[in-house]
Amino acid sequence: MKDFKKVMFRLGYNVLVVFLSAFFALPILWLIFTPFNEKPTLALEFPLNPTLANFAKVFANDYTINAFQNSLIQSFGATFLVIILASLAAYAFSRVRLPGKGIIMYILVLFSSVVTGIAAMVPVFFLLLKVGLIDTHIGVILVFSGGFLPTAVFLLKDFVDSISTTYEESALVAGASRLQIFKDIIFPLTRPGMVVVGVFTFVQVWSNFLIPFLLLRSSEKMPAAVAIYAFTNDVGIPKIDLISAYSLLYTIPVVAIYIFTNKKYGFRFYGGLKG
Amino acid sequence: MQLLSKKAAMIFILPGLILIFIFLIFPALWTFFLSLTNYSLLDNSLEFVGLKNFFKLFRDQRFWHSTIVTFQFVIGSALFGQTALGLLLAVMLHKKRGIMKELLTNFAVASWIIPSVVVVYLWAAFLDKEYGLLNQLLGFIGVTPRDWLNKFPMWVIIIWNIWRGSAFSMMLFTSALQTIPPSYLETADVIGASRWNKFRDILLPSLKNYIGTDLILITLWTFNLFTPYLLTKGGPGNATEIFPIYTYHEAFKYMQFGYGSAISVVILLINLGFALFYLRSMKGGKQ
Amino acid sequence: MTQITGIKLNSIVKRFGDVTAVNNISFEIKPGEFFALLGPSGCGKTTTLRLIAGLETATKGTILFNDQDVTRAEPKERDIAMVFQDYALYPHMTVAENIGYPLKVRKVNEKEKAKKVIETAKQFKIDHLLDRKPGQLSGGQQQRVALARALVHQPKVFLFDEPLSNLDARLRLESRTFLKHIQSKLGITTIYVTHDQAEALALADRMAVLKDGQIRQLGTPQEIYEQPADSFVADFIGDPPMNLIDCRLNPIKGNLEILFPGIKVTIPEEKLVLNKKVDPKKDYIFGIRPEHVILADRKGDIEGKVYAIETLGSMTLITLMVGDSRVRVNTHEMNLGLKIEQEVPIKLNYDMVRIYEKESGLLIK
Ligand SMILES: Nc1ncnc2c1ncn2[C@@H]1O[C@H](COP(=O)(O)OP(=O)(O)OP(=O)(O)O)[C@@H](O)[C@H]1O
Ligand SMILES: [Mg+2]
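Residue numbers (the numbering used here), protein chains in the order written: chain E, 1 to 275; chain B, 1001 to 1287; chain W, 2001 to 2365.
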């Protein structure tokens, strides 16, 4: 009787694992197979004669290449800005006793979770319109940076807090100047934290649809996220050959970055804001 | 002796704060202001109208419809979906090894990290009436093909979001489970506790705080999620017009900025409630 | 040759908000001296050291290096070296880069630097570790690297903040000896912070005992061991600790009655000369180190009852019940043939008895 119960449990357990695996895997299979098919369709077909022709089409298309470039500009721009500004602020917050520090950090974190998604996009839209930054890379970069900075400052402050101040003090006693200490000690020690924050920002901006969709107008500035969405032919039917290959190319950096950070830092740092 | 003087520290902090203020805090406050105006690009008006937008909103059938749909979406996909499925995955895979575990976790994580635009295409292909994999598979067991996206739009976006987001909860709970000392479960084994007892008496209590955190975060994110727009455009009709899509339609499609802002204010206030709750629970968890 | 520096602290006060970490401390350290700051946790040792290093600025008072006021000078103007409790070895630099860092910031040229690093590393027997990162070293090796880094530029003053407390007992002893050797050889003025009284006694030429931000006693280890200035120092210094027993003193007709809880001893007055007139109504503390309580053969000053016998290798620690108090006796004799509960006569070395006022804690003999 007990054995029977045990067997049934094992059976149930395995069925559940298979079912859940199928649930998560099935929609993704299309992304893995379709780009290599000669005639990609919405149906899932295993590429019996795998071809790279669809990728060739992507690279031959100015519009798609341009969209990738735009994604890179916006992602790197925001990443760069967030890393620099967040590191400076996080270091100051961590090391110097400033009046009202706790309150400021609290407000930042509060606002960064409250103001998310579309809720405050109407004023942002008008703000950019007023200052002439609508439909510009800079505008998109600034909006992303403003959104991710609180989380970045928070993560980095935690990180700097975990670095003992005796490193800096021992350099100070050894006779190093402030600049030398920043260059030789603080920067190398904070770098892993910066990488995490940078990767986080990069992935978020790279994957985000809403902000460029709302704040950009002209097609030559659109990043890949919005460009893919517009891949239809003249009569409005999606070009599946381009879409499938392009989607895979667009996804690969995100997956690669995930594998890299997950190996190096684990899941802790990856969670957080989702656009 | 500090490396950084207070003045220098201010200079370090200021650029970041300015950016955050301009692009995060100020817009949120301005949304409140705009919601009290009749700002619209159509007739270029900007007049103060008091709470008129809100009165209109609360008499608007679409708003109440949107509220219900949002509620269904959040309860279904965040509460019952992601949190429950994430918990199930974390617990059933805890301390397990082998290819099936790797496969399951990796595909779950993949569905979480693939950019939303791509995910939308994947699901459009998966659900397609004529060619979609789902209908093909169901065909094997004799189910006639259906246009899932148009016939069951709410179900689709709920299940889609469960698929999309469960990995986060799973990973959160998995890392929480790893902090439970193995001796707890070993002691339970020694005294002969059943699986259910171990789950209820050891795993669940250790996860309690994490479940709270997870629920708040997931709910907040789901509540603000715009991506279902790419799948359904809020339709058919306004069947899946959740709050973010409703806001988008009013503000950016019909250019009713004052009215759109009123909806945004409702969203922001609800977010504020969640966020305060979240920060409170974080503080409690630390003690 | 490095110039030898003397250090002087004049009425130093350091406050952090409401907390007074250092409360009016003055002392002088002679050139080349090994000076220890000893005290329980939170007494202000680290703060005092950081004030001397220039990592904190005094709220009040002045600090002089060779009669030159450095109270407000930056650390790098003081030409000091400091070893932190956690060593603060830069994890991203190799051992060689760590040791060479003070030279690098002084813009010493590469060749000279490499030579000095190897020289110093050899001195500390870590020259085979130069290419490793600190994370790949044992605790003892890390400690030597920290010492080497501190010494490489021949500082004027050497500061240590509990540098041995992260090592296990065996290694701690070894490092202590090594440190004493290096310091004696180089003759650099050294200030050493510790909460371990044995370490301070073993290393220091002179030392200060701190409590609540104030100096309780200043002197050579021997002075402090033999003549603790107050009941706190008496209790803090020594292992096994001094016997401190509450008592009353009653002078009668050329004799002195010492009333311990549950027992009374009468001795001729001249055996215990106090520098203050005793008050029979006041409480006193009778202090005697365990090695000055002697097991007598026949007739002793008092009788005690054996409570426990602990063999410590080179000596034996016997705890006796004398009246209602426990008294520790330390003896080098090993096979005493004592049994528990046995009555034994003891003699007290009255020269080494210390009497403290209970209320003020002050020494009156
Ligand atoms: N930066 C600071 N801010 C506020 N209070 C401080 C600061 N540094 C030290 N203190 C306080 O000053 C007192 C003395 O501290 P200090 O670190 O000098 O003690 P210590 O003798 O080194 O103790 P330990 O043996 O624990 O290291 C303590 O009460 C401590 O809390
Ligand atoms: Mg200390």
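We put the CB at the ideal spot given by N, CA and C, even for glycine.
Quick check: the Cα distance between glycine 1165 of chain B and serine 1111 of chain B, rounded to an integer number of angstroms?
For the purposes of this step, residue 1165 of chain B is taken as the residue at position 165 of the second sequence. For the purposes of this step, residue 1111 of chain B is taken as the residue at position 111 of the second sequence. Here the C-alpha atom of glycine 1165 of chain B lies approximately 8 Å from the C-alpha atom of serine 1111 of chain B.
When DSSP labels each residue in this structure, what does threonine 2002 of chain W get in the three-state scheme?
Start at 1 with the first residue of the third sequence, and residue 2002 of chain W comes out as number 2. Annotation note: pLDDT 49 at threonine 2002 of chain W (below 50); position unreliable, coordinate value reported separately. Threonine 2002 of chain W: coil per DSSP, three-state reduction.
Note down, in chain order, all residues in the region 7-36 of chain E with a beta-carbon under 9 Å from any beta-carbon belonging to chain W.
none
Would you tell me roughly how many angstroms separate the C-alpha atoms of alanine 119 of chain E and phenylalanine 1071 of chain B, rounded to the nearest one?
In the first sequence, residue 119 of chain E corresponds to position 119, counting from 1. In the second sequence, residue 1071 of chain B corresponds to position 71, counting from 1. Rounded to whole angstroms, alanine 119 of chain E to phenylalanine 1071 of chain B spans 17 Å at the Cα level.
In whole angstroms, what is the alpha-carbon distance linking alanine 1090 of chain B and isoleucine 1113 of chain B?
Counting from one through the second sequence, the residue named residue 1090 of chain B turns up at place 90. Counting from one through the second sequence, the residue named residue 1113 of chain B turns up at place 113. Cα to Cα, alanine 1090 of chain B sits roughly 18 Å from isoleucine 1113 of chain B.
Which chain E residues sit within Cβ distance under 7 Å of proline 2102 of chain W?
As a working note, residue 2102 of chain W is residue 102 in the third sequence. Those within 7 Å of proline 2102 of chain W in chain E are Ala174 and Gly175.
Measuring straight from C-alpha to C-alpha, what distance separates arginine 2248 of chain W and isoleucine 2224 of chain W?
Start at 1 with the first residue of the third sequence, and residue 2248 of chain W comes out as number 248. Start at 1 with the first residue of the third sequence, and residue 2224 of chain W comes out as number 224. Answer to the nearest angstrom: the Cα atoms are 25 Å apart.
Using 7 Å as the limit for Cβ to Cβ distance, is proline 212 of chain E near chain B?
Working through the first sequence from its first residue, we reach residue 212 of chain E at position 212. Output row for proline 212 of chain E: interface = no.
Roughly how many angstroms separate the alpha carbons of leucine 98 of chain E and proline 27 of chain E, rounded to a whole number?
Here residue 98 of chain E refers to the residue found at position 98 of the first sequence. Here residue 27 of chain E refers to the residue found at position 27 of the first sequence. Roughly 51 Å separates the two Cα atoms.
Could you check whether the Cβ of proline 188 of chain E sits closer than 7 Å to any Cβ belonging to chain W?
Stepping through the first sequence from its first residue, residue 188 of chain E is reached at position 188. Closer than 7 Å to some Cβ of chain W, the Cβ of proline 188 of chain E qualifies, so yes.
Reducing DSSP to helix, strand and coil, say where aspartate 2196 of chain W ends up.
What you label residue 2196 of chain W is simply residue 196 of the third sequence in a count that begins at 1. Three-state DSSP puts aspartate 2196 of chain W in coil, outside helix and strand.
Under 8 Å Cβ-Cβ, which residues of chain B neighbour leucine 72 of chain E?
Here the question's residue 72 of chain E lines up with position 72 in the first sequence. The contacting residues do not exist; leucine 72 of chain E stays about 14 Å from chain B at best.
Along the alpha helix (DSSP H) that carries valine 2265 of chain W, what are the first and last residues, could you check?
What you label residue 2265 of chain W is simply residue 265 of the third sequence in a count that begins at 1. No alpha helix (DSSP H) contains valine 2265 of chain W, which is instead part of the beta strand (DSSP E) from 2263-2268.
Simplified DSSP assignment, three categories, for aspartate 2131 of chain W:
Reading the third sequence from its first residue, position 131 is the one you call residue 2131 of chain W. DSSP places aspartate 2131 of chain W in coil when its eight states are reduced to three.
Report the rounded CA-to-CA distance for glycine 2262 of chain W versus glutamine 2342 of chain W, giving the unit in angstroms.
Sequence index remark: in the third sequence, residue 2262 of chain W carries index 262 (1-based). Sequence index remark: in the third sequence, residue 2342 of chain W carries index 342 (1-based). Rounded to whole angstroms, glycine 2262 of chain W to glutamine 2342 of chain W spans 18 Å at the Cα level.
Can you tell me whether glutamine 2222 of chain W is buried or exposed, with buried defined as 16 or more other CB within 10 angstroms of its CB?
Position 222 of the third sequence holds residue 2222 of chain W. When all chains shown are included, glutamine 2222 of chain W counts as exposed.
Are the beta-carbon atoms belonging to lysine 2066 of chain W and glycine 2006 of chain W less than 7 Å from one another?
Translated into the one-based positions of the third sequence, residue 2066 of chain W becomes position 66. Translated into the one-based positions of the third sequence, residue 2006 of chain W becomes position 6. It is asparagine, not lysine, that sits at residue 2066 of chain W in the sequence shown. Contact flag set, yes.
Can you give the Cα-Cα distance for arginine 1195 of chain B and tyrosine 2090 of chain W, rounded to whole angstroms?
Counting from one through the second sequence, the residue named residue 1195 of chain B turns up at place 195. Counting from one through the third sequence, the residue named residue 2090 of chain W turns up at place 90. Cα-Cα distance, rounded: 48 Å.
Could you round the C-beta distance between isoleucine 2346 of chain W and leucine 2295 of chain W to whole angstroms and report it? I think they count as a contact, below 8 Å.
Walking along the third sequence from the start, residue 2346 of chain W turns up at place 346. Walking along the third sequence from the start, residue 2295 of chain W turns up at place 295. Contact flag correct, Cβ pair sits at about 6 Å.
At which residues does the alpha helix (DSSP H) containing tyrosine 1121 of chain B begin and terminate?
Walking along the second sequence from the start, residue 1121 of chain B turns up at place 121. Here the alpha helix (DSSP H) through tyrosine 1121 of chain B covers 1116-1127.
Test item, CB below 5 Å from any non-hydrogen atom of ligand 1:
After applying the 5 Å Cβ criterion, the set is W/Phe2016, W/Val2019, W/Ala2021, W/Ser2041, W/Gly2042, W/Cys2043, W/Gly2044, W/Lys2045, W/Thr2046, W/Thr2047 and W/His2195.
So, with DSSP's three-state summary, where would you put leucine 98 of chain E?
On the first sequence, residue 98 of chain E is found 98 positions in, with the first residue counted as 1. Three-state DSSP puts leucine 98 of chain E in coil, outside helix and strand.
Can you find the residues in the same chain that come closer than 6 Å, C-beta to C-beta, to asparagine 2243 of chain W, ignoring five residues on each side of it along the sequence?
Here residue 2243 of chain W corresponds to residue number 243 of the third sequence, with the count starting at 1. Closer than 6 Å at Cβ, skipping near neighbours: Ile2288, Val2327 and Arg2328.
For leucine 42 of chain E and isoleucine 185 of chain E, believed in contact at Cβ under 8 Å, the rounded distance
Mapped onto the first sequence, residue 185 of chain E falls at position 185. Mapped onto the first sequence, residue 42 of chain E falls at position 42. Wrong, their Cβ atoms sit about 56 Å apart, outside the cutoff.
Asparagine 2255 of chain W, DSSP secondary structure in three states
The sequence position of residue 2255 of chain W within the third sequence is 255, counting from 1. Three-state DSSP puts asparagine 2255 of chain W in a strand.
Please list, in chain order, all residues of the same chain as leucine 1269 of chain B whose beta carbon is under 6 Å from its beta carbon, the five residues on each side excluded.
Within the second sequence, the letter at position 269 stands for residue 1269 of chain B. Closer than 6 Å at the Cβ level, and outside the excluded window around leucine 1269 of chain B, lies no residue.
From the beta carbon of serine 162 of chain E, is the nearest beta carbon of chain W less than 7 Å away?
Taking the first residue of the first sequence as 1, we reach residue 162 of chain E at position 162. Not closer than 7 Å to any Cβ of chain W, the Cβ of serine 162 of chain E fails to qualify, so no.
Go ahead and label tryptophan 1155 of chain B buried or exposed: buried means 16 or more other beta carbons lie within 10 angstroms of its beta carbon, across all protein chains shown.
Residue 1155 of chain B sits at position 155 when you count from the first residue of the second sequence. Exposed: under 16 other Cβ atoms inside 10 Å.
So which residues of chain E does asparagine 1224 of chain B contact, with C-beta pairs closer than 8 Å?
Stepping through the second sequence from its first residue, residue 1224 of chain B is reached at position 224. The answer, in chain order, is Thr116, Gly117, Ile118 and Ala119.
Compare the beta carbon distance of serine 112 of chain E and proline 50 of chain E with 7 Å and say whether it is the shorter of the two.
Here the question's residue 112 of chain E lines up with position 112 in the first sequence. Here the question's residue 50 of chain E lines up with position 50 in the first sequence. No, the Cβ-Cβ distance between serine 112 of chain E and proline 50 of chain E is not below 7 Å.
If we ignore side chains and look at the alpha-carbon of each, how far apart do glycine 2187 of chain W and alanine 2146 of chain W end up?
Taking the first residue of the third sequence as 1, we reach residue 2187 of chain W at position 187. Taking the first residue of the third sequence as 1, we reach residue 2146 of chain W at position 146. C-alpha separation (whole angstroms): 19 Å.
Inter-stretch contact (C-beta, 8 Å, three-pair minimum) for the region 1121-1140 of chain B and the region 1185-1203 of chain B:
no
Which residues does DSSP list as the beta-bridge partners of asparagine 2330 of chain W?
The residue given as residue 2330 of chain W occupies position 330 in the third sequence. Note: asparagine 2330 of chain W sits in a beta bridge opposite W/Leu2317.
Grab me the residues of glycine 1076 of chain B's own chain with a C-beta within less than 6 Å of its C-beta, minus the 5 sequence neighbours each way, in chain order.
Numbered from 1 along the second sequence, position 76 holds the residue referred to as residue 1076 of chain B. The answer, listed in chain order, is Ile1158.
When burial is assigned at 16 or more other CB atoms within 10 Å of the CB, is tryptophan 1160 of chain B buried or exposed?
Taking the first residue of the second sequence as position 1, residue 1160 of chain B is located at position 160. That one is buried.
Do tyrosine 1248 of chain B and isoleucine 1263 of chain B count as a contact pair if the criterion is CB distance below 7 Å?
Mapped onto the second sequence, residue 1263 of chain B falls at position 263. Mapped onto the second sequence, residue 1248 of chain B falls at position 248. No, these two residues do not count as a Cβ contact at 7 Å.
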